[in-house]
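First residue of the sequence shown? That's 1 in full-length UniProt numbering, and the numbers climb one at a time after it.
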Amino acid sequence: MGKLVNYVTQLHQATSRAYIDRMVDDKVHCMLKAKEYEADYWDGDRRYGYGGYKFMPGRWKPVAKALIENYNLTNDSNVLDVGCGKAYLLYEMKLLLPGLRVAGFDISKHGLSDAQEEIRDSLFIHRAQDPYPFENNEFDLVISLGCFHNLRIFELETALAETERVGKQGYVMLESYRNE
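See below:
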């Protein structure tokens, strides 16, 4: 099997969260609003999701650099981000490797519309649980940071199979929780 590498943990631990406040809120209402994955989720009140997920130059650079180094990516490589959201990681990877071909998809129109303009043409609306519109082994690296944990088991099976199909090597990257 693979190895456990914490690429994103440092970013999550750099911010504080009011867990108790979120536990006493109207959870059903908040969950239903969050599951829309649109403006309220990304940039609305924290009770619905990120609570203002803005681009911060360099924030994702250490993660991008670690992925590039760990997976030996070059300017000739191809990277896919499944559930890319605002695609800030893809953008930081492109800054480090300008020739890198990136692609990303998400179900959120709001998220994709807020991606950096330089890579927006490489992003599109698509569900992770549907067949991916790519050739077998098209990508040197396929990543997914905050998507797979939102899928139902039967949807996850398809998403993982598609990730495996379009990636040259099998990678699963998932970091969606904090254990404190």
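The beta carbon of each residue, even a glycine, is placed where N, CA and C say it ideally should be.
Where residue i falls: helix, strand or coil (DSSP)
| i | result |
| --- | --- |
| V5 | coil |
| G111 | helix |
| R178 | Since pLDDT at R178 reaches only 44, below the 50 mark, its modelled position is unreliable, and no value is offered. |
| F134 | coil |
| D81 | strand |
| R127 | coil |
| R47 | helix |
| F55 | coil |
| L95 | helix |
| R101 | strand |
Residue burial classification, residue i (beta-carbon count within 10 angstroms, cutoff 16)
| i | result |
| --- | --- |
| I119 | buried |
| N70 | exposed |
| L32 | exposed |
| F154 | exposed |
| A161 | exposed |
| G49 | buried |
| T74 | exposed |
| V5 | exposed |
| E92 | buried |
| G104 | buried |
| K54 | exposed |
C-alpha gap between residue i and residue j, whole angstroms
| i | j | result |
| --- | --- | --- |
| A87 | F124 | 11 Å |
| V142 | G167 | 6 Å |
Heavy atom of the ligand FAD within 7 Å of residue i beta-carbon
| i | result |
| --- | --- |
| Y71 | This structure does not include the ligand FAD; it has no bound ligands of any sort. |
Expected contact under 8 Å - CB spacing of residue i and residue j to nearest Å
| i | j | result |
| --- | --- | --- |
| F139 | N78 | 5 Å |
| A159 | A115 | Wrong, their Cβ atoms sit about 21 Å apart, outside the cutoff. |
Beta carbon proximity, residue i to chain B, threshold 8 Å
| i | result |
| --- | --- |
| S77 | You won't find chain B in this structure, because it holds only one protein chain. |
*Is the segment 72–85 touching the segment 145–152, taking contact as three or more C-beta pairs under 8 Å?*
Result yes; three or more Cβ-Cβ pairs closer than 8 Å.
*Three CB pairs or more closer than 8 Å across the segment 108–118 and the segment 30–46*: Two segments are said to touch when three or more pairs of C-beta atoms, one from each, lie closer than 8 Å; by this definition the segment 108–118 touches the segment 30–46.
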